[in-house]
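Start counting at 1 in the sequence shown, then tack on 26, and there's your number in this note's numbering. Cβ atoms here follow ideal geometry from the backbone N, Cα and C, with glycine treated the same way. Following: one structure in structure tokens, then a few remarks.
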Amino acid sequence: MKYDIFSSEHEQFRDQLRKFFAEKVAPFADEWDEKRESPRSIWLEMGKMGFLGFGYAPEYGGVGADDIFRIVMAEELSRCGSPGFGVGVCGHNDMSTTYINLLGTHEQKLKWLTPCTTGEAICAIAVTEPGAGSDVAAISTRAERKGDKYIVNGQKTFISNGYYGDLLVTAVKTDTKAKPAHSGISLIVIESKMKGVSANKLEKIGGHSSDTAEIFFEDVEVPAENLLGEEGQGFYAIMTNFQLERLIAGIICVETAQYILEKTIEYTKERVAFKKPISKFQVIKHKLVDMATDIELHRALGYKCAEVYAQGEDVTKEISMFKASTGEMVNRVVYDATQLHGGYGYMAEYEVARLYADLRAVSIAGGTTEIMKEIIARLMGI
Ligand SMILES: Cc1cc2nc3c(=O)[nH]c(=O)nc-3n(C[C@H](O)[C@H](O)[C@H](O)COP(=O)(O)OP(=O)(O)OC[C@H]3O[C@@H](n4cnc5c(N)ncnc54)[C@H](O)[C@@H]3O)c2cc1C
């Protein structure tokens with residue numbers, strides 16, 4: 027089915043991305059997975075091509091592209107062969123630099139957004155802590171104001187781009203006594219090279235080319251001018267940007283499911299059992315039809331959310347539905363796809379097996395399915 031949210035410019039961008047990823051990412055995906063990182067050179071090439079920070083104003087290196095370009099990027103990253111690399115790029119483009127753009131002053135944007143659009147700096151969002159994930163208001167990383175500096179102490183975990191990243195948009199408590207607690211949360215940019223910042227890479231079951239880290243802050247002296255917006259604005263900014271983050275996460279789920287379906291159809295047409303391609307068995311045909319239907323239903327909701335979000339409207343309820351439901355849907359699709367690959371689907375050299383592990387994170391990261399349902403229930407007045 028054709029959808030009319032994409033203009034010819036969006037489609038040209040898609041063609042450029044698909045060609046670039048096929049040449050510069052897919053052939054190296056296994057190597058990057060093994061090294062547990064995507065090389066800095068690919069970020070610089072992405073920057074040169076205009077694939078980073080394209081939504082920001084020209085004075086900061088972007089082209090002021092609309093949000094539908096972000097959707098195209100998310101879809102093409104889903105097909106780039108390296109889901110971990112996709113997480114890194116979306117983490118940078120849609121989930122962290124966005125705060126600098128939303129809250130930053132002109133000077134802060136010049137200083138940080140400009141290198142983020144060229145790929146010279148990689149950005150991360152650091153909210154989650156060992157003791158506080160879903161409950162963002164319970165974070166305990168402290169930023170205490172001392173003269174023209176904040177002294178930051180605390181720990182973050184599960185941070186994408188957290189090991190190789192240069193800029194950490196970090197959620198801190200600037201007021202530990204604030205009531206409600208979330209009104210004491212602020213966002214501050216901490217440079218990973220600052221004295222007192224250290225990180226350990228975490229070993230995951232999938233998404234290997236994305237570096238995920240725990241980060242420690244020990245008496246880190248951060249200039250007060252690194253605060254984004256005003257003290258106490260952090261939680262509200264995080265909740266605002268979650269709309270975009272969750273929309274992008276859902277789009278990745280839909281397009282990755284589509285990619286898996288296409289690969290699985292090819293496989294079932296080639297694989298022969300009982301003297302015929304397994305795609306000829308009715309039970310298998312029906313399974314593929316169920317997968318395709320699941321995907322189309324989610325795609326329709328996702329594109330509608332994207333269209334309304336791009337017009338600047340609040341679609342928190344529907345985007346939360348989309349994130350919750352697509353996170354579960356893509357896991358159903360990859361489970362069934364693995365089944366249809368038989369024993370080969372369980373072998374690490376098969377892409378579907380790797381995707382099985384990669385995709386387990388999507389119903390957890392960026393807000394769990396349960397937390398999405400809590401938000402939806404609240405917005406439904408129940
Ligand atoms: C691959 C990956 C990348 C990530 N990248 C980042 C990143 O870049 N930056 C960042 O800040 N964080 C990141 N995260 C962290 C992620 O956002 C958190 O893991 C997630 O929000 C859940 O928090 P938690 O792990 O503390 O789980 P918990 O909050 O401890 O939840 C545990 C379980 O309890 C359930 N639960 C909790 N509260 C409720 C409730 N009220 N009602 C019903 N059920 C509930 C949850 O749904 C979950 O099933 C990443 C995580 C992963 C896996």
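Report the partner residues of residue i according to the DSSP bridge assignment.
| i | result |
| --- | --- |
| valine 178 | Ala169 and Val246 |
| valine 198 | Ser212 |
| glycine 303 | The sequence shown places proline at residue 303, rather than the glycine named in the question. For proline 303, which the question treats as bridged, DSSP gives the partners Val298. |
| leucine 488 | The structure shown does not extend to residue 488, since the chain is modelled only from 27 through 408, so no value can be given for it. |
In three-state terms, what does DSSP make of residue i?
| i | result |
| --- | --- |
| glutamate 322 | helix |
| threonine 144 | helix |
| cysteine 106 | coil |
| leucine 78 | coil |
| isoleucine 408 | coil |
| alanine 100 | helix |
| alanine 164 | helix |
| glutamate 339 | coil |
| isoleucine 231 | coil |
| glutamate 240 | strand |
| alanine 158 | strand |
Kindly indicate the opening and closing residues of the alpha helix (DSSP H) around residue i.
| i | result |
| --- | --- |
| asparagine 187 | First-last for asparagine 187: undefined, no H or E at that position. |
| serine 346 | 342-366 |
| alanine 275 | 260-296 |
| isoleucine 126 | 123-129 |
| isoleucine 43 | The sequence as given places leucine at residue 43; isoleucine does not occur at that position. Start and end: 34-50. |
| cysteine 116 | 109-119 |
| serine 67 | 66-75 |
| alanine 150 | Alanine 150 -> not in any alpha helix (DSSP H); beta strand (DSSP E) instead, spanning 149-152. |
| alanine 55 | 55-61 |
| leucine 381 | 377-384 |
| isoleucine 402 | 395-405 |
Looking at residue i and ligand 3, is the gap between the Cβ and the nearest heavy atom below 7 Å?
| i | result |
| --- | --- |
| phenylalanine 307 | No copy of ligand 3 appears in this structure; the ligands present are ligand 1. |
Closest to residue i by CA distance: which of the options is it?
| i | options | result |
| --- | --- | --- |
| serine 108 | Val334, Glu244, Arg380 and Ser67 | Arg380 |
| valine 359 | Glu296, Lys289 and Pro303 | Lys289 |
| leucine 193 | Glu244, Thr124, Ala48 and Pro156 | Thr124 |
| leucine 129 | Ala52, Gly258 and Thr144 | Gly258 |
| threonine 202 | Ala391, Lys230, Phe32 and Arg171 | Arg171 |
| histidine 132 | Ser160, Glu85 and Ile97 | Glu85 |
| methionine 406 | Ile31, Gln308, Ser346 and Tyr370 | Ser346 |
| glutamate 61 | Arg168, Gly232 and Gln42 | Position check: residue 61 holds lysine in this sequence, whereas glutamate was assumed. The residue with the shortest Cα to Cα distance from lysine 61 is Gly232. |
| glutamate 415 | Gly87, Ile94, Val195 and Gly173 | The structure shown does not extend to residue 415, since the chain is modelled only from 27 through 408, so no value can be given for it. |
| proline 156 | Glu400, Phe111, Gly180 and Lys50 | Gly180 |
| cysteine 149 | Thr167, Met121 and Ile97 | Met121 |
| leucine 287 | Asp320, Ala299 and Thr394 | Asp320 |
| alanine 391 | Asp41, Lys313, Gly276 and Ala318 | Gly276 |
| glutamate 375 | Leu70, Met27 and Asp56 | Asp56 |
| isoleucine 68 | Glu247, Ser235 and Lys221 | Ser235 |
| leucine 139 | Lys221, Gly188, Gly173 and Val89 | Val89 |
| lysine 199 | Phe268, Glu63, Leu213 and Lys227 | Leu213 |
| valine 309 | Phe261, Asp362, Arg44 and Ala197 | Asp362 |
| histidine 367 | Ile97, Ile291, Thr352 and Tyr329 | Ile291 |
| alanine 204 | Gly328, Lys227, Ala225 and Ser166 | Ser166 |
| glycine 255 | Met27, Lys135 and Lys50 | Lys135 |
| alanine 197 | Ile241, Gly222 and Glu229 | Ile241 |
| alanine 250 | Gly353, Arg66 and Tyr176 | Tyr176 |
| methionine 398 | Lys227, Val378 and Leu273 | Leu273 |
| glutamine 269 | Thr342, Glu400 and His118 | Thr342 |
| isoleucine 402 | Thr144, Met373, Lys219 and Ser351 | Ser351 |
| phenylalanine 77 | Thr395, Asp59, Ala100 and Ser64 | Ala100 |
| lysine 182 | Leu228, Ser209 and Val356 | Leu228 |
Over what stretch of residues does the beta strand (DSSP E) that includes residue i continue unbroken?
| i | result |
| --- | --- |
| asparagine 226 | 223-227 |
| glutamate 217 | 211-217 |
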